[in-house]
Every structure is written in C-alpha cells, then in structure tokens.
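First residue of the sequence shown: 150, per the working numbering; consecutive thereafter. What follows is one structure encoded as structure tokens, with my remarks underneath.
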Amino acid sequence: MQDQDITTTPRRFKYIALAGVTLVLAVGAFAVQSRGTPSELQAAQRTEAAIEVVVRRVQQLSRPTYIAVSGEMEGQRTVNIGFKVAGVVERVVPEEGDFVRAGDVIAELEADSYELGLQMATAGADRARDAFTRAKKMFDEGSLPAADFVQVETGVRQAIAQESLARKQVTDTKLKSPISGRLARRGIQPGEQVGPGMPVFTVIAVDPVEARVGVPEAEIGRVRVGQTASISIPSLGGGNYQGRVRVVGVAADPVSRSYTVRIAVPNPSGILRPGMIAEVRINDGKQIQALTLPGEAIVRNNEGNPLVYVFEPKENRVHARRVEVGSVFGREVEIRSGLTGGEMVVVGGQSRLRTGASVKARVLPAGSTPEVGS
Numbered sequence: 150m151q152d153q154d155i156t157t158t159p160r161r162f163k164y165i166a167l168a169g170v171t172l173v174l175a176v177g178a179f180a181v182q183s184r185g186t187p188s189e190l191q192a193a194q195r196t197e198a199a200i201e202v203v204v205r206r207v208q209q210l211s212r213p214t215y216i217a218v219s220g221e222m223e224g225q226r227t228v229n230i231g232f233k234v235a236g237v238v239e240r241v242v243p244e245e246g247d248f249v250r251a252g253d254v255i256a257e258l259e260a261d262s263y264e265l266g267l268q269m270a271t272a273g274a275d276r277a278r279d280a281f282t283r284a285k286k287m288f289d290e291g292s293l294p295a296a297d298f299v300q301v302e303t304g305v306r307q308a309i310a311q312e313s314l315a316r317k318q319v320t321d322t323k324l325k326s327p328i329s330g331r332l333a334r335r336g337i338q339p340g341e342q343v344g345p346g347m348p349v350f351t352v353i354a355v356d357p358v359e360a361r362v363g364v365p366e367a368e369i370g371r372v373r374v375g376q377t378a379s380i381s382i383p384s385l386g387g388g389n390y391q392g393r394v395r396v397v398g399v400a401a402d403p404v405s406r407s408y409t410v411r412i413a414v415p416n417p418s419g420i421l422r423p424g425m426i427a428e429v430r431i432n433d434g435k436q437i438q439a440l441t442l443p444g445e446a447i448v449r450n451n452e453g454n455p456l457v458y459v460f461e462p463k464e465n466r467v468h469a470r471r472v473e474v475g476s477v478f479g480r481e482v483e484i485r486s487g488l489t490g491g492e493m494v495v496v497g498g499q500s501r502l503r504t505g506a507s508v509k510a511r512v513l514p515a516g517s518t519p520e521v522g523s
C-alpha cells in the first residue's frame, strides 16, 4: 500500500502541471485576442469619429491702456431750496423725480397777509412822498428849516424801502428753482406751516452728471484733467457712456489712500441717475498690443482655470492650453498669456472636446465671432 502511493504521487503532480500550463496559454491567447495586433489598433484609431468644431485664428489688436476704477454717479450740482418767508403752504407743483427748469415755480405760500402788508406799505410810501413834495416847496421858499427838511426826506426814503420790502415778501411766497434738474426731495405738502430758510426741496442738476471715483495712489499720476473715460452702468445693462475728467483730487483719503476724481458725463436723456454704481475706465493716452478671442472659446477645467483648445491642422487634433484672460471688448476677451498670436483656436463645439481629440474643423474668417449656439 505504501509503495503504490509513492509511485502514483509523481504522476499526480504531472497532471496538475499540465493543467496549469494549459490554463496560462488559454489566458494569454484571450489577452492577445482582446488587445489586437498593432495594425488592428491603428485601424481602430483611423475609424475614431471626428468631432465637428469651429476654429478661428487669434486676433491681434491695438487698444488704449486705461485705469479701471469703480464709483458712483452724482449730480454735477445739488441745491437745497427753502422759502425766504414763513407761511402756510398753498400749492406744490412737481412730484419727486420730475424735471424742473431754472425759474419754474415749484411751490407757493398763502400770500394774503403779505399782500395786505404791501398795501399798507404802499399807502405809507404815498403819504411820505406827498409830505416830501410839500416840504421841498417850503424848503425852497425858505420857510422850512434844513433840519426839518432832512427829517422829511429820511421819512420818505424809509417809506419807499418798506414798500419795496413788502413787495419782495409777496414775491417770496412763490418758491422758484434756481437751477434746471431733477427734483430729488419734496419735503412739504399743502397745508403745512414752514419757516424761513427751512430746506424743503432738493434739486439735482443731471445734465451733465458726474462719476465720482477713487483712484489709488499708485495710479493717480496717470490721471489728468481732460482725459476721456468710458463709463459702464451695470443697472442699465452695462451700456457704455463717454465722459471727460473734470476734477482730480489733490489730497488722498487717509483710510483708503485713494484720490477723488470727478468725470463729467453728458446726460441729455436723463437716463443716468445719481446713486447708480459706475464702472469707469480712464484712458491714459497710451496704446498696447492685445490678443483676443471670442468669449465662447474660453472653457474651464476641473480646478476652474481658464483654457482653450488649440487646433493642429496637420494632425486634425486639438490640445488644451492654459491661458490668462484680461479685459473684455464686446464679445472679445483679451488673452494676456498662454498664446503667441498665430494659433488656430476652437471657438465652437469645444464643450465635447478633450486633449488629443480628433476633429473636423470649419475655419472662420479672422476677426469674426461664432454664431450663438454654434
């Protein structure tokens, strides 16, 4: 029994070894079959579906340099208005936001008491003038001492002055706007009592308006009176308005270390209103060369970094390239770094791309932008 086991053991190992070799050969054959030969792999690559894209050459342009700052729109002149006499408000003409012209009556007081005062002053002036006429005749005849005549002459002057003051008080019951502009505040209603000198209206001149901005200390040396500026108002859809530097501050804010600069902006339509936030670019008169691409060409990687896909015509493939973006010019975006200026860049269909992807490119003319949805 023992001899039989010793004899059959090598035979059993032989069968196990043969089975293992067979299994390894089978797995290897399957692997070779699954990978394919080099010629088969090349054929598979040739049959890879090309992605249709739109490409365009990077545009080169010359643009002025500028100082980008933000601020607030203000009226060029703001006036607080009040009555010069006391009284009860009888009528208020404009509403807040209405446009008023210089000299327009915007409110009136009840003038009955002032008109009665004018009548009394007029009567006193007439009486004084009559007394002066008689005194003058007597003085010329030598029957009136000089001192008495001077007293009568002084009395008539006082009466005439009282008449003029009473007439002015009647006029002052009508409040007129000293400037043309928008009524920013209406502080009274009919029937209210007001005192002299109390500000009851605020009128702001709005043509032109001013953009008040703070320019950092490091940039203030580039700003001069008379320089042009482009103003964008986000609340109005970002439309551009042109202005000119009117005032450059001479003292820096002790906290922000910035200088106040005021830019006059024509506003004939009145669409620009005080209080609106303004994004301002002050042109400093210099020019720089810039590379631009349509904004649609810029995509983001997983880390949020901007990149573009550069088209290689010889390979009909694209490769991703990191870029640094700068200013925006309409639908064009400035490329500050990452491109040299001679590349063809994908501007349509890039959302489906990856580095090394095969593409079928349609070339746009230089300077054109892709249609929305292309």
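Glycine is no exception: its CB is placed at the ideal position from the N, C-alpha and C atoms. Keep in mind that this is a model prediction, so the values were computed, not measured.
Proximal residues to residue i (C-beta, below 6 Å), its chain only, five neighbours per side dropped
i: LYS509; result: ALA199 and GLU201
i: ALA446; result: VAL457, VAL494 and VAL496
i: LYS323; result: VAL254 and GLU257
i: ARG406; result: GLU366
i: ALA333; result: THR351 and ILE353
i: GLY336; result: VAL349
i: TYR390; result: ILE380 and VAL414
i: ILE437; result: THR214
i: ARG485; result: GLU473 and GLY475
i: GLY344; result: ALA235
i: ALA439; result: LEU210, ARG212 and GLU483
i: LEU421; result: MET222 and VAL358
Euclidean distance between Cα positions of residue i and residue j
i: PRO514; j: SER211; result: 19 Å
i: ALA192; j: ARG466; result: Residue confidence is low: ALA192 scores 47 on pLDDT, short of 50, so the model does not pin down where it sits. No coordinate-derived value is stated.
i: PRO325; j: PHE248; result: This sequence places Lys at residue 325; Pro is not what is there. Distance between the alpha carbons of LYS325 and PHE248 is about 13 Å.
i: GLY453; j: ASN416; result: 40 Å
i: GLU264; j: THR320; result: 10 Å
i: ARG195; j: GLN208; result: Interpretation of ARG195 is limited by its pLDDT of 49, a score under 50 that renders its predicted location unreliable; the figure taken from the coordinates is listed afterwards. Near 33 Å, if we compare the C-alpha coordinates of GLN208 and ARG195.
i: PHE298; j: PHE281; result: 8 Å
i: GLY224; j: PRO423; result: 6 Å
i: SER262; j: SER292; result: 42 Å
i: MET347; j: ALA310; result: 26 Å
i: ILE431; j: VAL374; result: 11 Å
i: GLY236; j: ALA260; result: 8 Å
i: ALA610; j: PHE232; result: Residue 610 lies beyond the range of the chain shown here (150 to 523); nothing can be said about it.
i: LEU190; j: SER507; result: With a pLDDT of 43 at LEU190, under the threshold of 50, the modelled position of this residue cannot be trusted; read the value that follows with caution. Using only the alpha carbons, I get a separation of about 16 Å.
i: ALA295; j: ARG316; result: 32 Å
i: GLU290; j: ARG250; result: 57 Å
i: GLN307; j: GLN338; result: 37 Å
i: THR171; j: ARG206; result: For THR171, the pLDDT reaches just 45, beneath the cut-off of 50, and the residue's location in the model is therefore unreliable, although a value from the coordinates is still provided. For THR171 and ARG206, the distance between alpha carbons rounds to 60 Å.
i: VAL242; j: ILE230; result: 14 Å
i: LEU174; j: ASN451; result: Model confidence at LEU174 stands at a pLDDT of 40, short of 50, so the residue's coordinates are unreliable; what they give is reported in the following sentence. Their backbone Cα atoms lie some 44 Å apart in a straight line.
i: GLY434; j: GLN376; result: 8 Å
i: PRO187; j: GLU492; result: Residue placement at PRO187 cannot be trusted, given a pLDDT of 49 that sits under 50; the coordinates are not used to answer.
i: GLY505; j: ARG511; result: 18 Å
i: ALA400; j: ILE369; result: 11 Å
i: GLU244; j: VAL228; result: 16 Å
7 Å CB neighbourhood of residue i in its chain, flanking five on each side removed
i: GLY220; result: ALA360, ARG361, VAL362, GLY363, ALA427 and VAL429
i: ARG471; result: ASN454, LEU456 and GLY487
i: VAL372; result: ILE216, VAL364, VAL394, VAL397, VAL410 and ILE431
i: GLY185; result: Its pLDDT being 46, under 50, GLY185 is placed unreliably in this model, and the value from its coordinates should be taken loosely. Excluding sequence neighbours, GLY185 sits near nothing in its chain.
i: ARG503; result: none
i: ARG278; result: VAL305
i: THR441; result: GLN208, LEU210, PHE478, GLU481, VAL482, GLU483 and ILE484
i: ALA469; result: LEU456, TYR458 and THR504
Cβ distance (whole Å) where residue i is taken to contact residue j below 8 Å
i: VAL358; j: ARG331; result: No, VAL358 and ARG331 are not in contact; Cβ-Cβ is about 10 Å, not under 8 Å.
i: VAL448; j: GLN499; result: 6 Å
i: ILE328; j: ARG411; result: Not quite, the Cβ-Cβ distance comes to about 18 Å (not below 8 Å), so this is no contact.
i: GLU483; j: PRO443; result: So it is not a contact: roughly 12 Å between Cβ atoms.
i: GLY340; j: VAL477; result: The Cβ separation is near 55 Å, so there is no contact.
i: GLU473; j: GLY490; result: With a Cβ gap of about 14 Å, GLU473 and GLY490 do not count as contacting.
i: GLY398; j: ALA378; result: That belief does not hold up - the Cβ atoms of GLY398 and ALA378 are roughly 15 Å apart, past 8 Å.
Boundaries (first-last residue) of the alpha helix (DSSP H) holding residue i
i: GLY266; result: 261-290
i: ARG306; result: 295-321
First and last residue of the uninterrupted beta strand (DSSP E) at residue i
i: GLU244; result: Segment: none, GLU244 is in no beta strand (DSSP E) and carries neither H nor E.
i: PHE350; result: 348-365
i: VAL474; result: 473-478
i: LYS233; result: That residue, LYS233, is in no beta strand (DSSP E); it is neither H nor E in DSSP.
i: PRO455; result: 455-461
i: GLY398; result: 389-401
i: ASN432; result: 426-443
i: THR504; result: Looking at the DSSP string, THR504 is not in any beta strand (DSSP E), and its letter there is neither H nor E.
i: VAL404; result: From DSSP, VAL404 is part of no beta strand (DSSP E); its letter is neither H nor E.
i: THR377; result: 377-381
i: SER486; result: 481-486
i: ARG206; result: 200-206
i: LEU421; result: That residue, LEU421, is in no beta strand (DSSP E); it is neither H nor E in DSSP.
i: ILE328; result: No beta strand (DSSP E) holds ILE328; DSSP gives it neither H nor E.
i: ALA256; result: 254-258
i: GLY497; result: 493-497
Own chain, CB closer than 8 Å to residue i, minus 5 neighbours either side, in chain order
i: VAL92; result: There is no way to answer for residue 92, as the model of the chain reaches only from 150 to 523.
i: GLY252; result: LYS325 and SER326
i: GLU312; result: LEU267, ALA270, THR271, GLY273 and ALA274
heavy atom of the ligand ATP below 7 Å from residue i C-beta
i: PHE232; result: The model on display carries no ligand, and the ligand ATP is accordingly not part of it.
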